[in-house]
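Visitor: Sharing a structure here in structure tokens format.
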Amino acid sequence: MATQLVAGNMAVIIGALYAGCDCFFGYPITPASEILHEASRYFPKLSRKFVQAESEEAAINMAYGAASAGHRVLAASSGPGMSLKQEGITYLAGSEIPCVIVDIQRAGPGLGNIGPEQSDYNQACKGGGHGSYKNIVLAPNSVQEMCDFAMEAFKLAFKYRNPAIILADGVLGHMVEPLRFPQKAVVPEIDISWAVNGNAATKGNVLTSIFLNFDELERHNLKLQEKYLKIGDNETAFEEYKVDDADVVLVAYGISSRIAKTAVDIARSRGIKTGLYRPITIYPFPDKRLSELAGRGCRFISVEMSNGQMRDDIRLATGCAIVELVCRYGGNLMQIDQIMQKIRELT
Amino acid sequence: MQNLLAPGHRACAGCSMPTVIRLVLDAAGTNTIVVSPTSCLEVTTTPFPESAWVVPWIHSLFENASAVASGVEVMMKRQCKDTNVLVIGGDGSTFDIGMGSNSGMFERGHKVAYICYDNEAYMNTGVQRSGSTPFCAHTTTTPAGELSLGNPRPKKDMPAIALAHGVPYVATASVAYPVDLRKKVERALQTQGPSYIQVNAPCITGWTFDAGTTIEIARLAVETGLWPLFEYVNGELTEVKKIRRIKLVDEYLKVQGRYKHLYKMPGGAEILRSIQDIADKNIAMYKLVD
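As you go down the protein sequences, you meet chains A and B in turn. To convert, note that position 234 of the first sequence is 1377 in my numbering; the numbers rise steadily by one, no gaps. To convert, note that position 248 of the second sequence is 1151 in my numbering; the numbers rise steadily by one, no gaps.
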């Protein structure tokens, strides 16, 4: 198996290509642009399609068009671009069209800057656009996972006919780590009998999110909610580190989980029983295990680069009104000392 | 000359854009509000809490500077103020993502002067192609290689799009011709209604040339016929800058890294001839040579 040093934004492209992704539609935005560059270099070489759109909206709607025909589509952007894409994403979700979208989060709100943040959590996990819909959201924390989760995202998107988002950030996109290449490419054996191809075979298929009859739209919504429940039952994923005897549990995803893990080791070296709970799927949020830990009397600290957007989910999962928050904004990563101070306050 | 773009901004050494902006602002004067979409200009002149702008300046998102300018213009009129409202943006926002709001502003007839400093790609995000990128230029999303000789499409004709909206003043200009540029900005601001000026603005990082030759590169674009300097008033071609000694496009292309693959790769010579054809068409269409 080949191992190579690559950047996270490149690893996404490698994962997508191994997952049988056959088209990419993008638009420039820092810090996600390298995904666009690499796609423009590699997709044509491998007889896949690369199109640079004239806007973020155009890119996501090109994705909508290609995905409607059953193609395996990748799109990528960052904060302001993701905001522009929301209309397209709600249409994908409403029409149940699979698509993988990478969000290399940057600091906001508004134009913000191009440093890392995790403040698109709500936008990705709670819908983001209008209507009662959910995206499947995976949160890698290494270059390896940028590749692996790209493959996983395609699997889940097609399994549930739903948009899947890879929620990374500026650090993950740009940092360079060894990547073990996937052992083999996925030959997509997927059911795309729902797709529309402008031929007699697919003539009866309808992909739509417009239901003018109120009851029909209600039924459509109920069907979607049922699907989301099923996704929640089957697909939650998390990783835990030294939580078995922990009094204090740090909850962190993505790049923050790497920092939190170091804090766990330091706290343990000082005799404080600390653990890390790392959601891998952040929608569906892996709540059952957290609920168990809460039942055992653990205290929780959410470590995230946002104003506690994930903390709300931890509160819901644990039933704890008080969940502490360690955060940084503006493109700054949190410091180990900051986490240690909060752990000391709790113990 | 008054300097309404203060020194200390963070544009690259050799960037043409600050010179373009200084000339534009000098012509516009202090009774001016500038709207800028996201661009190199915005990033290099306004790193909070610093600003290089001596006149009032407002930033919008990438796709809606013309909408913001429309709002500003409407309320300046409402306040009975005769203030110049300028949009100054790059080609990514002008040609691509901002096209919808440009079209709206042009069609509604707001008295806004739109200045596009055209460096022919998304330079701020790392040299990706835009609708303005010329034929067969290398960019990070149209990389020259086995399967590609660079950008496969010709440059979008944005002045023609402005003209099709009935924009009463449409002109091209160049950083190498400052007197011409200033004059055109003054005329744009005297126009009752929208105006559009597209200024050739070489980019040292995206086009890759020696930082001391920016103005020479810009002048070569004009002298080869690839960047004709013209002016349309109410849809009529009213002025064309004649070229005294026309040059071959080769002189312009060979000094830029974005075209160097055309001198090495198979098929390059044919492309060079096609680019000469583009220049020749301009020379004939605008009667650039007496």
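Positions of the beta carbon are idealized from the N, C-alpha and C atoms, including for glycine. These numbers were taken from a predicted model, which means no experiment stands behind them.
#1: Taking only the alpha-carbon atoms, compute the straight-line gap between B:Ala1047 and B:Ala1063 and give it to the nearest angstrom.
#2: Using CA coordinates, which residue listed in A:Glu1361, A:Ala1175, A:Lys1269, A:Val1466 is at the minimum distance from A:Phe1428?
#3: Can you name, in chain order, every residue of its own chain whose Cβ lies under 7 Å from the Cβ of B:Gly1235, other than the five neighbours on each side?
#4: 8 Å is my cut-off, CB to CB: does B:Gly993 come that close to chain A?
#5: Provide the residue(s) that pair with A:Val1194 in DSSP beta bridges, ordered along the chain.
#6: Answer yes or no: does any C-beta atom of chain B fall closer than 8 Å to that of A:Gln1261?
#7: State the Cα-Cα distance for the pair A:Met1294 and A:Pro1331, rounded to the nearest angstrom.
#8: Provide the residue span of the alpha helix (DSSP H) that contains B:Asp1021, from first to last.
#9: Which term fits B:Thr1141, buried or exposed, when burial requires 16 or more other beta carbons within 10 angstroms of its beta carbon?
#10: Using a C-beta to C-beta distance shorter than 7 Å, which residues of chain A count as neighbours of B:Arg1032?
#11: To the nearest angstrom, how far is the alpha carbon of B:Asn980 from that of B:Phe1112?
#12: Can you check which of these residues, A:Gly1274, A:Met1289, A:Ile1482, A:Ile1240, is closest to A:Ala1175 by C-alpha distance?
#13: 8 Å is my cut-off, CB to CB: does A:Ser1400 come that close to chain B?
#14: Assuming A:Cys1268 is part of the alpha helix (DSSP H), what are its boundary residues?
#15: Give every residue of the same chain whose Cβ lies closer than 7 Å to the Cβ of A:Asp1263, excluding the five residues on either side of it in the sequence, and list them in chain order.
#16: Alpha carbon to alpha carbon, how far is A:Ala1389 from A:Glu1383?
#17: For A:Tyr1396, which three-state DSSP category applies?
#18: Return the Cβ separation of A:Leu1179 and A:Ala1219 in integer angstroms, given the expectation that the two are a contact with Cβ distance under 8 Å.
#19: Okay, do the region 993-1004 of chain B and the region 1083-1096 of chain B touch, 3+ Cβ pairs below 8 Å being the bar?
#20: Whose C-beta lies closer than 7 Å to the C-beta of A:Thr1233 among residues of the same chain, with five residues either side of it excluded?
#21: If you reduce the DSSP assignment to three classes, tell me which class A:Ala1150 lands in.
#22: Using the Cα positions of A:Val1216 and B:Lys1014, report the straight-line distance between them to the nearest angstrom.
#23: For a cutoff of 8 Å on Cβ pairs, would you count B:Ile1000 as touching chain A?
#24: So, using beta-carbon positions, are A:Ile1402 and A:Met1483 closer together than 8 Å?
#25: Measuring only between beta-carbons, confirm whether B:Glu966 sits less than 8 Å from chain A.
#26: Find the nearest neighbour of B:Ser939 within the set B:Asn967, B:Thr1094, B:Ser919, B:Ala931, judged by alpha-carbon distance.
#27: Would you kindly work out how many angstroms separate the C-alpha atoms of B:Glu1173 and B:Lys1058, rounded to a whole number?
#28: According to DSSP, is B:His1245 part of a helix, a strand, or is it coil?
#29: Is DSSP giving B:Asp999 helix, strand or coil here?
#30: In whole angstroms, what is the alpha-carbon distance linking A:Lys1302 and B:Arg1011?
#31: Straight-line CA distance for B:Thr922 to B:Thr949?
#32: Below 8 Å CB to CB, which residues in the same chain sit around B:Asn987 once its five sequence neighbours on both sides are set aside?
#33: Return helix, strand or coil for B:Ile1196, following the three-state DSSP convention.
#34: Does the distance from the CB of A:Ala1202 to the CB of A:Leu1235 come in under 8 Å?
#35: On a CA-only basis, which of A:Thr1405, A:Ala1343, A:Arg1411 is nearest A:Ile1479? Give me that one, please.
#36: For A:Ala1535, which beta-bridge partners are listed by DSSP?
Guide: Concretely, from the data shown:
#1: 29 Å
#2: Minimum Cα-Cα distance from A:Phe1428 among the listed residues A:Glu1361, A:Ala1175, A:Lys1269, A:Val1466 corresponds to A:Lys1269.
#3: Examination of residue 1235 of chain B is not possible in this model, given that chain B is present from 904 through 1193 alone.
#4: no
#5: A:Phe1168
#6: Chain B contact via Cβ: absent.
#7: 11 Å
#8: Boundaries around B:Asp1021 are those of the beta strand (DSSP E), 1016-1021, since no alpha helix (DSSP H) includes it.
#9: exposed
#10: Gln1195
#11: The residue asked about is misnamed: residue 980 of chain B is Lys in this sequence, not Asn. Their Cα atoms are separated by approximately 44 Å.
#12: A:Met1289
#13: no
#14: 1264-1268
#15: Gly1222, Met1225, Asp1246, Gln1248, Leu1310
#16: 11 Å
#17: coil
#18: 7 Å
#19: No: the two stretches stay apart, fewer than three of their Cβ pairs being nearer than 8 Å.
#20: Gly1272, His1273, Gly1274, Tyr1276
#21: Assigned with DSSP and collapsed to three states, A:Ala1150 falls in strand.
#22: 43 Å
#23: Interface annotation, B:Ile1000: in contact with chain A, CB-CB separation under 8 Å.
#24: no
#25: yes
#26: B:Asn967
#27: Approximately 18 Å between the Cα atoms of the pair.
#28: Not covered by the structure: residue 1245 of chain B. The range shown for chain B is 904 to 1193.
#29: helix
#30: 48 Å
#31: 16 Å
#32: A distance below 8 Å between beta-carbons, with the five flanking residues on each side excluded, links B:Asn987 to the following residues of its chain, in chain order: Ala931, Gly932, Asn934, Thr935, Ile936, Ala1016, Leu1092.
#33: In the structure as shown, chain B starts at 904 and stops at 1193, and residue 1196 of chain B therefore has no counterpart that could be examined.
#34: Cβ distance not < 8 Å, so A:Ala1202 and A:Leu1235 don't count as in contact.
#35: A:Thr1405
#36: Residue numbering for chain A in the displayed model covers 1144 to 1490; residue 1535 of chain A lies beyond these limits and cannot be assessed.
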